[in-house]
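J.:
Set out below in structure tokens:
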């Protein structure tokens with residue numbers, strides 16, 4: 006007897022939320038990694054603030070502040086997501102998760118979204134740095150839209166992390182690949198460099214990245230403009246990453262069950 | 062009454078690579094044709110040494126591994142075709158320190174798995190409470206798992222495996238590395254599961270554990286079942302006959318081989334005990350090999366020689382060492 | 078005896094670097110990442126309207142040597158501790174200084190190579206103009222920077238012997254070097270206290286010298302900067318070495334040396 010549809014939906018929703026909460030709890034309890042997660046983007050933000058302050062261009066420190074704030078969310082995701090499955094394998098929990106009678110995406114997505122959410126600590130630190138160390142007058146025009154923009158950005162970046170997690174599962178050196186993605190996205194997603202300054206052939210890549218739309222939406226909401234088109238683009242991309250990731254996941258899991266690579270030994 | 066768990070000529074081959082520069086591909090036959098059937102309410106044991114293929118077999122049954130050939134069914138459904146259906150109805154518990162989230166409390170771990178394994182949200186709290194009490198962890202559930210002893214982790218594993226009240230449980234070496242008192246408690250809990258009507262497949266390399274808990278045992282060695290029956294049946298296989306143990310201080314393989322050739326000898330094994338080695342010779346009913354053995358050990362430094370009746374352990378050792386030591390895959 | 082210890086010790090630790098040398102790790106971390114760092118800051122520089130492309134290419138190419146120099150040095154020492162050979166080395170009768178110097182040489186060479194590679198490739202991609210006669214002096218400046226950062230790496234290795242979180246420490250040191258050494262923020266834009274710190278860190282003087290060389294300065298013009306850079310390398314190397322020796326004594330008291 007199959008479960009009624011709405012019961013299935015609530016079950017998935019609950020699993021996502023509970024999974025997110027518990028993984029976030031675990032990541033918050035990892036002190037040293039957490040420290041680096043906050044400090045690392047702060048170095049770059051500080052450099053950027055000095056540069057913009059000394060610079061001759063019209064780009065404001067406000068532009069740089071919101072951009073730098075999102076850098077941490079990308080860092081925490083890109084560096085950890087690739088090795089998400091590897092970590093579960095290390096814990097010995099991967100088999101239990103695969104054995105669970107839920108779609109594996111329901112298990113993995115909360116993990117990567119939690120990785121993105123951890124980036125909110127660094128975002129806060131960056132904005133505090135901007136406000137108090139550099140005296141930037143940060144606008145907060147539309148709090149509700151801003152909050153929504155933050156949530157959508159975190160979830161979409163988490164979804165991109167999900168895609169990374171399933172794509173890199175075969176690589177033992179997934180962490181090296183994940184690290185490699187940090188700088189390029191910082192460069193092309195419009196955090197500190199307006200898209201207009203980039204060569205035109207780069208722009209489609211920028212547009213295919215959810216963070217690009219996310220940071221745009223955050224800036225718009227903060228300065229009182231309408232973020233809705235950007236939010237929809239961001240969310241749409243997030244959904245696309247999820248769909249692709251799920252397709253890749255099917256092959257990955259089947260292959261792992263065939264090759265016996267779910268356990269460590 | 063159809064069997065609850067069926068293994069039908071299961072085979073499983075692994076391909077591994079060795080070497081860093083010139084990678085060579087090796088094929089390892091971990092399971093070479095395992096078949097058995099477990100009835101409802103039975104506590105069935107898979108007994109065998111490390112590397113025998115017990116864990117591989119169990120993983121095929123719980124949908125984690127696809128068999129290279131053969132079939133496996135749980136509650137009538139194929140484990141490969143109907144993996145999701147099967148997963149809803151089985152519990153998996155394994156031994157060792159891993160398999161739990163260290164930084165979370167036991168309670169959080171259980172809440173997480175309760176959610177994933179589909180326990181009704183309205184029943185979760187009650188169910189978790191019941192299970193904590195069952196395994197004797199109530200009062201300690203708010204502590205982080207990183208502070209738990211091996212025995213406590215095992216008990217938490219069992220609680221986790223039971224969350225969704227599955228009719229079939231797979232326990233993979235659940236008492237490994239647990240102190241004797243803790244292990245005894247765990248065994249009592251496992252026995253209780255059978256009493257509650259669960260069907261249980263237990264793998265272990267502790268022969269006395271299989272003897273104490275299981276209704277039936279299949280002895281596994283090098284990927285095959287070498288004997289199957291109730292503990293009594295297995296003991297019966299060796300109840301007649303004699304075991305001669307000779308302490309030696311260094312013995313060559315050729316000598317050991319020559320002992321095997323003695324008429325009536327069913328198995329010869331060499332064990333390391335403290336300073337010396339002990340040659341254990343088993344002979345079938347009606348034979349008395351002591352003289353012949355001592356004759357062939359002429360010139361070897363000997364210590365004590367004892368003759369005794371065989372035990373279940375001897376049966377086990379004989380079964381798992383009987384296979385010729387041919388090149389493993 | 079010292080010379081042999083110098084070479085053999087160096088070769089052995091080269092293998093410890095082996096994990097870095099695996100192409101799937103080396104290429105992304107040592108060859109591709111610095112190019113992206115260069116591009117990132119070139120564009121941020123354009124976005125902010127500050128300095129020139131050449132400023133950022135040189136600054137970041139040289140600064141990125143910190144990754145191989147810091148990490149490799151720290152992990153060589155940590156690797157010895159992990160294999161539990163560090164205790165043996167430190168109590169061995171072989172003269173310690175050549176042993177350590179031997180271990181440092183592959184690190185310096187690798188650091189120089191990474192910086193030179195990034196400078197050339199990054200320079201080509203971004204399109205900067207460096208006069209031909211400046212190539213050799215530029216290479217020298219880069220080598221001296223790799224040397225001085227490796228000295229800092231020894232200090233880091235010493236600190237790392239007492240704590241377990243090597244990677245976190247190395248990353249923080251990298252960030253400090255990125256911020257304080259004028260790689261991206263001109264030193265005179267920094268507040269006074271930060272400028273003071275810059276002057277005693279590796280890279281600050283060397284990057285400045287490299288930039289001036291690329292603008293046409295001769296070696297004699299930049300001599301004092303290069304000398305300062307070299308001195309920083311020698312001093313930090315000495316400090317690091319003493320630190321490691323003392324860390325050894327401390328650890329023997331507290332038995333932390335062989336903790337993985």
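Residue numbers (the numbering used here), protein chains in the order written: chain Z, 6 to 270; chain G, 62 to 390; chain H, 78 to 337.
Every residue gets a Cβ at the ideal spot worked out from N, C-alpha and C, and that includes glycine.
In whole angstroms, give me the CA-to-CA distance for residue 179 of chain H and residue 185 of chain H.
T.: If I take the Cα positions, the gap works out to 10 Å.
J.: Does the beta-carbon of residue 65 of chain Z have 16 or more other beta-carbons within 10 angstroms, so that it is buried, or is it exposed?
T.: The residue is exposed, with fewer than 16 neighbouring Cβ atoms inside 10 Å.
J.: Please decide whether residue 127 of chain H counts as near chain Z, where near means a Cβ-Cβ distance under 9 Å.
T.: Yes - at least one Cβ of chain Z is within 9 Å of the one on residue 127 of chain H.
J.: Quick check on residue 252 of chain Z - is its C-beta less than 9 Å from some C-beta in chain G?
T.: So no, residue 252 of chain Z is outside the interface.
J.: Using the Cα positions of residue 86 of chain H and residue 236 of chain H, report the straight-line distance between them to the nearest angstrom.
T.: Legend: pLDDT at residue 86 of chain H = 45, less than 50; position of this residue unreliable, no value from coordinates given.
J.: Is residue 89 of chain Z helix, strand or coil when you go by DSSP?
T.: Correct three-state label for residue 89 of chain Z: helix.
J.: Alpha carbon to alpha carbon, how far is residue 92 of chain Z from residue 200 of chain G? Give it in angstroms, no decimals.
T.: Using only the alpha carbons, I get a separation of about 30 Å.
J.: Would you kindly work out how many angstroms separate the C-alpha atoms of residue 80 of chain H and residue 175 of chain H, rounded to a whole number?
T.: Low local confidence applies: a pLDDT of 45 at residue 80 of chain H is under 50, so the model's placement there is unreliable, and no value is given.
J.: Determine, using beta-carbon pairs with one atom in the segment 121-129 of chain Z and one in the segment 159-167 of chain Z, whether at least three such pairs fall under 8 Å.
T.: They touch, by the three-pair rule.
J.: Using a beta-carbon distance cut-off of less than 7 Å, what residues from the segment 107-121 of chain H approach chain Z?
T.: Cβ contacts with chain Z: 109, 110, 113, 114, 116, 117, 120 and 121.
J.: Determine, using beta carbons only, whether residue 5 of chain G and residue 228 of chain G come nearer to each other than 9 Å.
T.: Given a span of 62 to 390 for chain G in the structure shown, any question on residue 5 of chain G remains unanswerable.
J.: So which residues on chain Z does residue 126 of chain G lean against when the C-beta distance must stay under 7 Å?
T.: Residues of chain Z passing the Cβ test: 262 and 265.
J.: Would residue 136 of chain G pass as an interface residue toward chain Z - the criterion being a Cβ-Cβ separation below 9 Å?
T.: No, residue 136 of chain G does not count as interfacial toward chain Z.
J.: Does the beta carbon of residue 186 of chain G come closer than 9 Å to any beta carbon on chain Z?
T.: By this cut-off, residue 186 of chain G is not an interface position.
J.: Would you identify the three-state DSSP class for residue 389 of chain G, choosing helix, strand or coil?
T.: Residue placement at residue 389 of chain G is poorly supported in this model, since its pLDDT is 38, which falls under 50; the coordinates still yield a value, given next. Residue 389 of chain G: coil per DSSP, three-state reduction.
J.: Is the CB-CB distance between residue 150 of chain H and residue 181 of chain H below 9 Å?
T.: It is a contact, given that the beta carbons lie within the stated cut-off.
J.: Can you list the residues of chain Z that residue 256 of chain H reaches, using a CB-CB cut of under 7 Å?
T.: In chain order: 48, 51 and 52.
J.: Within 10 Å of its beta-carbon, does residue 142 of chain G have 16 or more other beta-carbons around it, so buried, or fewer, so exposed?
T.: Counting Cβ neighbours within 10 Å, residue 142 of chain G comes out exposed, since fewer than 16 surround it.
J.: Does the beta carbon of residue 194 of chain Z come closer than 9 Å to any beta carbon on chain H?
T.: Taking Cβ atoms only, chain H never reaches closer than 9 Å to residue 194 of chain Z, which makes this a no.
J.: Of all the CB atoms in chain G, is at least one closer than 9 Å to the CB of residue 118 of chain Z?
T.: Not an interface residue.
J.: What residue from H:102, H:117, H:113 and H:100 has the CA that sits closest to residue 196 of chain Z's CA?
T.: Per the Cα distances, H:117.
J.: Does the beta-carbon of residue 171 of chain Z have 16 or more other beta-carbons within 10 angstroms, so that it is buried, or is it exposed?
T.: Its Cβ being crowded by 16 or more others within 10 Å, residue 171 of chain Z is buried.
J.: For residue 152 of chain G, which of helix, strand or coil comes out of DSSP?
T.: DSSP places residue 152 of chain G in strand when its eight states are reduced to three.
J.: Would you identify the three-state DSSP class for residue 167 of chain Z, choosing helix, strand or coil?
T.: Here residue 167 of chain Z sits in helix by DSSP.
J.: If we define contact as Cβ-Cβ less than 9 Å, is residue 128 of chain Z a contact residue for chain H?
T.: Taking Cβ atoms only, chain H never reaches closer than 9 Å to residue 128 of chain Z, which makes this a no.
J.: Show which residues of chain Z have a CB atom less than 9 Å away from the CB atom of residue 93 of chain G.
T.: Neighbours of residue 93 of chain G on chain Z: none; closest Cβ ~15 Å, over 9 Å.
J.: What number of angstroms, rounded off, separates the C-alpha of residue 59 of chain Z from the C-alpha of residue 226 of chain Z?
T.: The straight-line gap from Cα to Cα measures roughly 27 Å.
J.: To the nearest angstrom, how far is the alpha carbon of residue 309 of chain G from that of residue 340 of chain G?
T.: Computed Cα separation, rounded: 7 Å.
J.: Which chain Z residues are close to residue 316 of chain H, counting only those with a beta carbon under 8 Å from its beta carbon?
T.: In chain order: nothing, as chain Z lies at least about 24 Å away.
J.: Whole angstroms is fine: what's the gap from residue 88 of chain H's alpha carbon to residue 173 of chain Z's?
T.: Note that residue 88 of chain H has pLDDT 45, beneath the 50 cutoff, so the model's placement of it is unreliable and the number below is only indicative. Looking at the two C-alpha atoms, the distance is approximately 33 Å.
J.: Is the Cβ of residue 256 of chain Z closer than 9 Å to any Cβ of chain G?
T.: False, the Cβ-Cβ gap to chain G never drops below 9 Å.
J.: Taking residue 173 of chain G and residue 27 of chain Z to be in contact with their CB atoms under 8 Å, please state how far apart those CB atoms are, rounded to whole angstroms.
T.: Going by Cβ atoms, the distance from residue 173 of chain G to residue 27 of chain Z rounds to 5 Å, so yes, they are a contact pair.
J.: Going by other Cβ atoms of all chains shown within 10 Å of its Cβ, with 16 needed for buried, is residue 269 of chain Z buried or exposed?
T.: Low confidence applies here, because residue 269 of chain Z scores a pLDDT of 43, under 50, leaving its location unreliable and the question unanswered by this model.
J.: So is residue 202 of chain H buried or exposed if we call it buried at 16+ other beta carbons inside 10 Å?
T.: Per the 10 Å Cβ criterion, exposed.
J.: Just reading off the alpha helix (DSSP H) that residue 129 of chain Z is part of, what are its end residues?
T.: Unbroken alpha helix (DSSP H) run through residue 129 of chain Z: 109-133.
J.: Can you give the Cα-Cα distance for residue 286 of chain G and residue 162 of chain G, rounded to whole angstroms?
T.: One C-alpha to the other measures close to 35 Å.
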